[in-house]
Amino acid sequence: MSLVANSIKEIISIKIKSRNDSVTDQYQRIFMTKICIVFAALVGVNYFNDKVSCIIANTNGMSDSFVGATCWIQGFYVFEEMITRFEDCGYYGIPKNMEHDGINSLGHLCAVNDRALGKIFGCHPMKKKYYDQYQYMPFFIASLAILFYLPYAIFKITNSDLMSLKDTLNNKEVKAEDIVSAYFNVKTNSIRKMKLRVVMTVCIKFLYLFANVVAFILCDVLLNGDFRKYGLNYVRWMRSHSFIGLTSYGLKAQIEPKPGYVLLPAMGFCEIHEASRDNRNSYINSHRFICEISPHLLYQYVMLVFWFLLVFGIGISIAGVIVAMFGYLINFICLLSKDSPAKKIYRIVTFREIDYLECIRRKNLPLYSDVLYSLKEKRVKKTKYSERKFEHFAFVKSDRE
Numbered sequence: 254m255s256l257v258a259n260s261i262k263e264i265i266s267i268k269i270k271s272r273n274d275s276v277t278d279q280y281q282r283i284f285m286t287k288i289c290i291v292f293a294a295l296v297g298v299n300y301f302n303d304k305v306s307c308i309i310a311n312t313n314g315m316s317d318s319f320v321g322a323t324c325w326i327q328g329f330y331v332f333e334e335m336i337t338r339f340e341d342c343g344y345y346g347i348p349k350n351m352e353h354d355g356i357n358s359l360g361h362l363c364a365v366n367d368r369a370l371g372k373i374f375g376c377h378p379m380k381k382k383y384y385d386q387y388q389y390m391p392f393f394i395a396s397l398a399i400l401f402y403l404p405y406a407i408f409k410i411t412n413s414d415l416m417s418l419k420d421t422l423n424n425k426e427v428k429a430e431d432i433v434s435a436y437f438n439v440k441t442n443s444i445r446k447m448k449l450r451v452v453m454t455v456c457i458k459f460l461y462l463f464a465n466v467v468a469f470i471l472c473d474v475l476l477n478g479d480f481r482k483y484g485l486n487y488v489r490w491m492r493s494h495s496f497i498g499l500t501s502y503g504l505k506a507q508i509e510p511k512p513g514y515v516l517l518p519a520m521g522f523c524e525i526h527e528a529s530r531d532n533r534n535s536y537i538n539s540h541r542f543i544c545e546i547s548p549h550l551l552y553q554y555v556m557l558v559f560w561f562l563l564v565f566g567i568g569i570s571i572a573g574v575i576v577a578m579f580g581y582l583i584n585f586i587c588l589l590s591k592d593s594p595a596k597k598i599y600r601i602v603t604f605r606e607i608d609y610l611e612c613i614r615r616k617n618l619p620l621y622s623d624v625l626y627s628l629k630e631k632r633v634k635k636t637k638y639s640e641r642k643f644e645h646f647a648f649v650k651s652d653r654e
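The number in our numbering is simply the position in the sequence shown, starting from 1, with 253 added.
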């Protein structure tokens, strides 16, 4: 167990360092990816170690291990109509009397079939709500890590130019002319290519938002639509100080269902069909057991934390989209400004080249001045602005005499 704890500790450790993507993106592709792996490891350990236990009568001739293994494969169910009938429940969604599997016209519980398997008139069967998510939950949570990391893989392809520029700036001997010829060359970097990179940069922000929304929807579909308001219901339930009482039968009945049990109940029905035949005899029988699904207890709290992380991730993703679009909007407003002659250099470059300039400015301010001067020398002559308008630029070429 200590080995598992150490492995989880290594996985969730995050190094604080400068990265190519924004903080909002890092939350998704680093934190959420690692959270998915950690949660998958937690439920995975439970997946291989925890067993299903059922209440078995001594007279049916079935072993505990056989019933537990068979029920694990079959899945479990509760009755939907029993979810709100707390006074008639032994456990959540389970009647006190196991023979009651239907409701009559008066709203009373009844047995659909008698002991001779004959149908009882006027007793309509209740709807069964099945649960077998524990069979694939570890693999599902682990697969979500791919969903959160995929936008970063696209980010690395789209922003390979910016990443290359940052590596180039780490070289202290780099010259402004080399940067201008490599990254501000309209022959190798066409305007269409530059526009595509800008559009893809914004689209990647939407991809992170899409990943969170898709993960949320998948969890909701997987959990029978009960995941959508799971966190809100849990907070509301805790505030209302709900409690679990004891019935006269000694079975736990919920005055108000705990949201965790609504999501994944800890107890459920399991049905096994028994049949055998030899040369002389045939034997057919059906068994219904009450089983405890202990893995669901862990899943309840894992999915509760995951619900809040997904909701927070959606908010972070929306913030990332707004910041990215607002940044380009600010650049556009600056392009329309005619007050400062220094800003006019930005009017003869593309939005992507503005990203290059901002990257250079943050890394090396003197080099930034040299690059601006070099761009002025090479591109201003091709624009409608004369040299006179650039006489008062705030920068001076550092190596000019």
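Note that CB positions come from ideal geometry on N, CA and C, so glycine has one too.
The structure presented is a predicted model; accordingly, all values stated were derived computationally and were not measured.
Query raised in the report: Would Tyr554 be called buried (16 or more neighbouring beta carbons within 10 Å of its own) or exposed?
Result: Locating residue 554 in the sequence shown gives position 301, counting from the first residue. Answer is exposed; the Cβ neighbour count stays below 16.
**Report entry** Straight-line gap, Leu397 to Cys289 (C-alpha atoms, nearest Å)
**Finding:** Indexing the sequence shown from 1 puts residue 397 at position 144. Indexing the sequence shown from 1 puts residue 289 at position 36. Spanning the two alpha carbons is a distance of roughly 7 angstroms.
Query raised in the report: At what residues does the beta strand (DSSP E) containing Ala528 begin and finish?
Result: The residue given as residue 528 occupies position 275 in the sequence shown. Met520 to Arg530 is the span of the beta strand (DSSP E), which, as asked, contains Ala528.
**Report entry** Buried or exposed by the 16-neighbour rule on C-beta atoms within 10 Å, applied to Met520
**Finding:** Looking up residue 520 in the sequence shown gives position 267. With a 10 Å radius around the Cβ and a threshold of 16 neighbouring Cβ atoms, Met520 comes out buried.
Query raised in the report: By Cβ distance, which residues of its chain are closer than 7 angstroms to Leu516, with the 5 residues on each side in sequence left out?
Result: As a first step, residue 516 must be located in the sequence shown, where it is residue number 263. Within the same chain, Cβ atoms closer than 7 angstroms to the Cβ of Leu516 are found at Leu476, Asp479, Phe480, Tyr483, Gln553 and Met556, the five residues on either side in sequence being excluded.
Query raised in the report: Would you say Val466 and Ile347 are within 8 angstroms of each other, going by their C-beta atoms?
Result: Position 213 of the sequence shown, counted from the start, is the residue given in the question as residue 466. Position 94 of the sequence shown, counted from the start, is the residue given in the question as residue 347. Going by C-beta atoms, Val466 is not nearer than 8 angstroms to Ile347.
Requested in this report: Report the residue from Tyr383, Pro512, Phe463 and Tyr626 whose alpha carbon sits nearest the alpha carbon of Val488.
Outcome: Counting from 1 along the sequence shown, the entry for residue 488 is found at position 235. Taking only the C-alpha atoms, the option nearest Val488 is Pro512.
Query raised in the report: Residues in its own chain within less than 8 angstroms of Leu324 by CB, not counting five upstream and five downstream?
Result: What you label residue 324 is simply residue 71 of the sequence shown in a count that begins at 1. Per the sequence presented here, residue 324 reads as Cys, with Leu not at that position. Within the same chain, Val305, Cys307, Cys523, Ile525, Phe542 and Cys544 come within 8 angstroms of Cys324 by CB-CB distance, once the 5 residues on both sides are set aside.
Query raised in the report: Under three-state DSSP, which class holds Lys440?
Result: For the purposes of this step, residue 440 is taken as residue 187 along the sequence shown, with counting starting at 1. Looking at Lys440 - three-state DSSP - the assignment turns out to be coil, as it is neither helix nor strand.
Requested in this report: Could you spell out the range, first to last residue, of the alpha helix (DSSP H) harbouring Glu606?
Outcome: Counted from its first residue, the sequence shown places residue 606 at position 353. Per DSSP, Glu606 belongs to the alpha helix (DSSP H) from Phe604 to Lys616.
Query raised in the report: Helix, strand or coil for Val433 per DSSP?
Result: For the purposes of this step, residue 433 is identified with residue 180 of the sequence shown, where counting begins at 1. For Val433, the secondary structure class from DSSP, reduced to helix, strand or coil, is helix.
Query raised in the report: CB-CB under 7 angstroms to Arg605, same chain, minus the five flanking residues each way: which ones, in chain order?
Result: Along the sequence shown, read from residue 1 onward, the residue named residue 605 stands at position 352. Around Arg605: Met447, Arg450 and Val451.
Requested in this report: Compare the Cα-Cα distances from Ile457 to each of Val574, Asp317 and Leu628 and report the closest residue.
Outcome: Here residue 457 refers to the residue found at position 204 when the sequence shown is read from its first residue. Looking at the Cα atoms, Val574 is the closest of the given residues.
Query - 6 angstroms CB neighbourhood of Pro404 in its chain, flanking five on each side removed - result: As a working note, residue 404 is residue 151 in the sequence shown. Same-chain partners within the cutoff: Ile457, Leu460 and Tyr461.
Query raised in the report: Would you report the Cα separation of Asn273 and Ala572, rounded to the nearest angstrom?
Result: The count along the sequence shown starts at 1 and reaches residue 273 at position 20. The count along the sequence shown starts at 1 and reaches residue 572 at position 319. A straight line joining the alpha-carbon of Asn273 with that of Ala572 spans about 18 angstroms.
Requested in this report: Quick one: residues in its chain with C-beta nearer than 7 angstroms to the C-beta of Met390, no 5 flanking neighbours on either side, listed in chain order?
Outcome: In the sequence shown, the residue the question calls residue 390 occupies position 137. So the qualifying residues of the chain are Val296 and Tyr552.
Query raised in the report: Shortest alpha-carbon distance to Phe565 belongs to which of Val365, Tyr383 and Ala468?
Result: The residue labelled residue 565 in the question sits at position 312 within the sequence shown. Answer by Cα proximity: Ala468.
Query raised in the report: Taking the Cβ atom as the reference point for each residue, do Ala464 and Leu562 lie within a distance shorter than 8 angstroms?
Result: In the sequence shown, the residue the question calls residue 464 occupies position 211. In the sequence shown, the residue the question calls residue 562 occupies position 309. No, the Cβ-Cβ distance between Ala464 and Leu562 is not below 8 angstroms.
Requested in this report: Compare the beta carbon distance of Ala294 and Val455 with 8 angstroms and say whether it is the shorter of the two.
Outcome: Taking the sequence shown and counting its residues from 1, the one referred to as residue 294 is at position 41. Taking the sequence shown and counting its residues from 1, the one referred to as residue 455 is at position 202. No, the pair does not count as a contact, with Cβ atoms beyond the cut-off.
Query - Exposed unless 16 or more other CB atoms sit within 10 angstroms - verdict on His361 - result: As a first step, residue 361 must be located in the sequence shown, where it is residue number 108. Under this definition His361 is an exposed residue.
Report task. Go ahead and label Thr337 buried or exposed: buried means 16 or more other beta carbons lie within 10 angstroms of its beta carbon, across all protein chains shown. Result -> On the sequence shown, position 84 is the one that residue 337 refers to. By the neighbour-count rule (16 or more Cβ atoms within 10 Å), Thr337 is not buried but exposed.
Query - Whole-angstrom distance between Asp278 and Gln386, CA atom to CA atom - result: Taking the sequence shown and counting its residues from 1, one reaches residue 386 at position 133. Taking the sequence shown and counting its residues from 1, one reaches residue 278 at position 25. The straight-line gap from Cα to Cα measures roughly 30 angstroms.
Query - Member of Arg615, Leu418 and Arg530 whose CA lies at the smallest distance from the CA of Asp436 - result: Position 183 of the sequence shown holds residue 436. It is worth fixing the name first, because residue 436 is Tyr in this sequence and not Asp. Comparing C-alpha distances from Tyr436 to each of Arg615, Leu418 and Arg530 shows the shortest one belongs to Leu418.
Query raised in the report: So what does DSSP say about Phe332, is it helix, strand or coil?
Result: Counting from 1 along the sequence shown, the entry for residue 332 is found at position 79. Here DSSP, grouped into helix, strand and coil, assigns Phe332 to strand.
Query raised in the report: Excluding sequence positions up to five away, which residues of its chain have a Cβ less than 6 angstroms from the Cβ of Ala528?
Result: In the sequence shown, residue 528 corresponds to position 275, counting from 1. So the list reads Ile537, once near-sequence residues are dropped.
Query - Counterpart residues of Asn302 in DSSP-defined beta bridges - result: As a first step, residue 302 is located in the sequence shown; it is residue number 49 there, counting from the start. BP columns for Asn302 are empty, so no partner.
Query raised in the report: Rounded to a whole number of angstroms, what is the C-alpha to C-alpha distance between Cys342 and Pro510?
Result: Indexing the sequence shown from 1 puts residue 342 at position 89. Indexing the sequence shown from 1 puts residue 510 at position 257. If you draw a straight line from the Cα of Cys342 to the Cα of Pro510, it comes to about 11 angstroms.
Report task. Measure from the alpha carbon of Leu415 to the alpha carbon of each residue in Ser570, Ala429, Ile613 and Ser539, then state which is nearest. Result -> One-based indexing of the sequence shown puts residue 415 at position 162. Answer by Cα proximity: Ile613.
**Report entry** Rounded Cβ spacing between Asp317 and Ile309 (contact assumed at less than 8 angstroms)
**Finding:** Mapped onto the sequence shown, residue 317 falls at position 64. Mapped onto the sequence shown, residue 309 falls at position 56. Right, the Cβ-Cβ distance comes to about 6 angstroms (below 8 angstroms), so this counts as a contact.
Requested in this report: Mind checking who Pro348 pairs with in its DSSP beta bridge?
Outcome: Position 95 of the sequence shown, counting from 1, holds the residue named residue 348. In DSSP, Pro348 forms a bridge with Cys342.
Query raised in the report: Is it right to say Ile665 is buried, meaning 16 or more other beta carbons lie within 10 angstroms of its own, or is it exposed?
Result: Absent from the structure is residue 665, since the part of the chain shown begins at 254 and ends at 654.
**Report entry** C-beta contact flag for Tyr384 and Tyr345 at 8 angstroms
**Finding:** As a first step, residue 384 must be located in the sequence shown, where it is residue number 131. As a first step, residue 345 must be located in the sequence shown, where it is residue number 92. No, the pair does not count as a contact, with Cβ atoms beyond the cut-off.
Query - Straight-line gap, Asp367 to His353 (C-alpha atoms, nearest Å) - result: Translated into positions along the sequence shown, residue 367 becomes position 114. Translated into positions along the sequence shown, residue 353 becomes position 100. Whole-angstrom Cα-Cα distance: 11 angstroms.
Query raised in the report: Hey, how far is the Cα of Ser501 from the Cα of Glu340?
Result: The residue you call residue 501 lines up with position 248 of the sequence shown. The residue you call residue 340 lines up with position 87 of the sequence shown. Its pLDDT being 43, under 50, Ser501 is placed unreliably by the model, and the measurement read from it follows with that caveat. So the two alpha carbons sit approximately 11 angstroms from each other.
Requested in this report: State the Cα-Cα distance for the pair Pro378 and Gly328, rounded to the nearest angstrom.
Outcome: Counting from 1 along the sequence shown, the entry for residue 378 is found at position 125. Counting from 1 along the sequence shown, the entry for residue 328 is found at position 75. Gly328 has its alpha-carbon roughly 19 angstroms from the corresponding atom of Pro378.
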